[in-house]
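Heads up: the structure comes next, in structure tokens.
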Amino acid sequence: MVTCSGCGKPIENIPNWLSGVKTEFVCNNCPNRSTKNIAILSAEIERQLSGAAAAKAGEEDADVEELADDEADED
């Protein structure tokens with residue numbers, strides 16, 4: 160039986176093959192829970208990636224505009 164490393168309550172939803180893994184399991188309702196849910200972490204990562212992509216796209220747009228200005232100055 161796998162138990163919560165924070166409060167010691169048994170966690171029933173862990174498959175038997177996973178119970179042998181050397182890691183700490185934390186139940187969802189643990190008052191001592193300091194870790195984040197995987198779904199929340201995934202959403203944060205996606206938000207960071209989309210923000211980085213938008214920033215990079217903004218940089219690329221600026222470079223194209225600068226090139227157009229440079230070409231106009233040369234003429």
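Position in the sequence shown counted from 1, then plus 159, gives you the working numbering. Note that the Cβ used here is the ideal one computed from N, Cα and C, for glycine as well. This structure is a prediction, so every number in the text was calculated from the model and none was measured.
Of the candidates Q207, C186, G167, M160, the residue whose Cα lies closest to the Cα of W176 is M160. Looking from the CA of G165, the closest CA among L208, S209, E171, F184 belongs to F184. Measuring C-alpha to C-alpha distances from C186 to each of I173, Q207, S209 identifies I173 as the nearest. Looking at Q207, T162, G167, the one whose alpha-carbon comes closest to that of V180 is T162.
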